[in-house]
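In this note's numbering, the protein residues as written are 194 to 548.
For reference, the structure is listed below as structure tokens.
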Ligand code: NAD
């Protein structure tokens, strides 16, 4: 029925663990993509996928993206991801989360779990009862807390680097910036943009979030369907994935895209479509690595926000390196980012270890 194993061979996955536990309602999977650089870190997504196949393909793709994200950020972490195919609003129980925790424990540290869509820090506390391989715990429990402020700080650095590369200046004053999504990442970004004197436009499907941004940061509100054809300098997607596609790219009137959302390109070819329209694309996993960088400072050491912020600041240089090599090699920025990340994994894999 499925071709998961062939997909894993093609994409270099190491392991896929699937589980179904009727007693607790647990049904899902953990994908370990690559542990060359370190344990496979990635969040647990609780989402009612339409089919088992959708869920498994989702976890396989997301785990590979985590390998690239951590490799490009210079972390000693591999890529992994987990899913529970349930409704986070109605199906989450202590038993479900602890049953999942036993699956993480069985991997003996090859996979380290954390939050993602549908999971919270409080959920991590339940999982922690069954395994020590969990991060993203609250600050008061010795964890690194909510990763979103660091993600937004990294995104801010990415926007500065994008402006510098596109316009030879990272002065954002008067620059027209369009935000899609005013949730955690979008909201923590607003003070940086206001501080720079940017002209901020934005949309969210939740009106209360738009209103708050209007009142606190002078945001100019847009309807959700207006974000793509709004004339602007930088489009900043901070909502869902797949939003750069055949329908939206031709409409776009931005000169650059640099946002925090995961998996913005529906397919890699949409990076070429952006380049053809002279829209500079900042690869999402380079730009939004602040969250995983923050969490990495919780693993095996006492969390230091200062150190995590210093490392997150390097996103500016990493992104500049991606832009530069894309131009030098005549490839899309997405392909340049992938090559850069993959070359680090390959180099470390080839080390002859003296043991
Ligand atoms: P969030 O749920 O807090 O915010 C998302 C916001 O997008 C919500 O306010 C939602 O109403 C809005 N939204 C949904 N569909 C929309 C649409 N069509 N138009 C406009 N707004 C819409 O999530 P978040 O934590 O801010 O994450 C945002 C994105 O960044 C996600 O893709 C996430 O995977 C990615 N990301 C987040 C982090 C992090 O640290 N939080 C780290 C890396 C990547």
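A virtual CB, placed ideally from N, CA and C, is assigned to each residue, including glycine.
This structure is a prediction, so every number in the text was calculated from the model and none was measured.
Residue i, buried or exposed, once every other Cβ within 10 Å from all chains shown has been counted against 16
i           : result
residue 194 : With a pLDDT of 46 at residue 194, under the threshold of 50, the modelled position of this residue cannot be trusted, and the question is left open.
residue 380 : buried
residue 504 : buried
residue 558 : What is shown of the chain runs 194 to 548, which leaves residue 558 out entirely.
residue 499 : exposed
residue 388 : exposed
residue 350 : buried
residue 432 : buried
residue 355 : buried
residue 215 : exposed
residue 334 : exposed
residue 324 : buried
residue 296 : buried
residue 366 : exposed
residue 373 : buried
residue 202 : exposed
residue 482 : buried
residue 362 : exposed
residue 517 : exposed
residue 257 : buried
residue 283 : exposed
Near ligand 1: residue i beta-carbon under 7 Å from a heavy atom
i           : result
residue 256 : no
residue 416 : no
residue 337 : no
residue 413 : no
residue 185 : Absent from the model: residue 185. The displayed extent of the chain is 194 to 548, so no value can be given.
residue 476 : no
residue 433 : yes
residue 341 : yes
residue 344 : yes
residue 577 : Here the chain has residues from 194 to 548 only, and residue 577 is not among them.
residue 378 : yes
residue 454 : yes
residue 296 : no
residue 375 : yes
residue 481 : yes
residue 396 : yes
residue 399 : yes
residue 484 : yes
residue 502 : no
residue 238 : no
residue 405 : no
residue 546 : no
residue 402 : yes
Contact belief for residue i with residue j at Cβ below 8 Å, rounded distance in angstroms
i           : j           : result
residue 426 : residue 370 : 7 Å
residue 223 : residue 304 : 6 Å
residue 412 : residue 390 : Not confirmed; about 14 Å, so no contact.
residue 530 : residue 515 : 5 Å
Reference residue i, options the options, closest by Cα
i           : options            : result
residue 430 : 509, 452, 447, 410 : 452
residue 311 : 357, 522, 240      : 240
residue 377 : 454, 203, 321      : 454
residue 137 : 485, 443, 497      : Outside the shown range of the chain (194 to 548) lies residue 137, about which nothing can therefore be said.
residue 478 : 489, 303, 316, 457 : 457
residue 610 : 294, 338, 221      : With the chain represented from 194 up to 548, any question about residue 610 goes unanswered, as that position is not in the structure.
residue 281 : 411, 266, 308      : 308
residue 243 : 259, 221, 230, 255 : 221
residue 208 : 228, 217, 218      : 228
residue 255 : 206, 285, 293      : 206
residue 270 : 404, 521, 226      : 226
residue 473 : 246, 502, 485, 519 : 519
residue 420 : 213, 445, 234, 469 : 445
residue 289 : 319, 404, 480      : 319
residue 437 : 415, 467, 416      : 467
residue 460 : 440, 447, 523      : 440
Residue i beta carbon near ligand 2 (any heavy atom closer than 7 Å)
i           : result
residue 537 : Ligand 2 is absent from the structure shown, which contains only ligand 1.
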